[in-house]
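Inspection log for the structure reproduced underneath, given as structure tokens.
Residue numbers (my numbering), protein chains in the order written: chain H, 707 to 818; chain G, 137 to 252.
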């Protein structure tokens, strides 16, 4: 079973609307959680990285939250733009061997 | 431009052939990686090199052989290609490995390999 599960698998939103992506992880021992954005045909690009002591971190219109107790993270996109259409990947890192576990990603499509 | 660059971007070949993918980074990072992204979009680590030394070697068929001539380059050679090798292969680099949160990855654009 993968150690990082993301939902939904995909979603479609209208330009200007907000959306929230979910990530549940079982990575243990836990070090940090990252969110990456992957445009079609490109490599993933880092959006945020949060350690277990951080609850929220923002990068422009992207805001990530982390609840280390429930082992859940979310990525909120505010006032979506067409350029936000991409796959968003949640990644957990273990603290003992620094191994990264990747989720399958959520594909976001923003329509005008 | 500072980046991780990999070539070729697309590679179509027949089963049984041998092919290589090259990767170079000019970010001054000392750790480089190869990841495989399959049709289900999962990114799976294959290899990791730190200063030309192999530090991660996941369960990958020995038909795959990485080579790091220096810390700015990490090439991937694949022998006797099989249909299941079709995927997108990403090269990545990071500042260092071995400390929590340090290995924020910078990825290349990917090399799409199609085996016919």
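Ideal Cβ placement from N, Cα and C applies to all residues, glycine included. Predicted model, so just to flag it, every value in this text is computed and none were measured.
{"query": "Would you tell me roughly how many angstroms separate the C-alpha atoms of residue 770 of chain H and residue 152 of chain G, rounded to the nearest one?", "result": "45 Å"}
{"query": "Given a cut-off of 9 Å on the beta-carbon distance, is the pair residue 217 of chain G and residue 174 of chain G in contact?", "result": "no"}
{"query": "Sort out for me which residues DSSP pairs residue 736 of chain H with in a bridge.", "result": "H:800"}
{"query": "Are residue 185 of chain G and residue 202 of chain G touching if we call contact CB-CB under 9 Å?", "result": "yes"}
{"query": "Give, in chain order, every residue of the region 187 to 200 of chain G whose Cβ lies closer than 9 Å to some Cβ of chain H.", "result": "192"}
{"query": "What are the residues in the region 736 to 755 of chain H lying within 9 Å of chain G by C-beta distance?", "result": "737, 738, 740, 742, 744, 747, 748, 749, 750, 751, 752, 755"}
{"query": "Flag residue 772 of chain H as yes if its beta-carbon sits less than 9 Å from any beta-carbon of chain G, otherwise no.", "result": "no"}
{"query": "Which one or two residues does DSSP pair with residue 792 of chain H in a beta bridge?", "result": "H:814"}
{"query": "Would you kindly work out how many angstroms separate the C-alpha atoms of residue 148 of chain G and residue 745 of chain H, rounded to a whole number?", "result": "22 Å"}
{"query": "Would you kindly report the start and end of the unbroken beta strand (DSSP E) that includes residue 168 of chain G?", "result": "167 to 173"}
{"query": "Could you tell me the alpha carbon to alpha carbon distance between residue 742 of chain H and residue 223 of chain G, rounded to whole angstroms?", "result": "20 Å"}
{"query": "Please report the Cβ distance between residue 768 of chain H and residue 753 of chain H, rounded to the nearest whole angstrom; I am assuming they are in contact, meaning their Cβ atoms lie under 8 Å.", "result": "5 Å"}
{"query": "Using the rule of at least 16 other Cβ atoms within 10 Å of the residue's Cβ for burial, across every protein chain shown, is residue 740 of chain H buried or exposed?", "result": "buried"}
{"query": "Within 10 angstroms of its Cβ, does residue 239 of chain G collect 16 or more other Cβ (buried), or is it exposed?", "result": "buried"}
{"query": "Can you say whether residue 818 of chain H is buried or exposed, counting buried as having 16 or more other CB atoms within 10 angstroms of its CB?", "result": "exposed"}
{"query": "Any beta carbon from chain H within less than 9 Å of residue 176 of chain G's own beta carbon?", "result": "yes"}
{"query": "Tell whether a beta-carbon distance below 9 Å holds between residue 733 of chain H and residue 783 of chain H.", "result": "no"}
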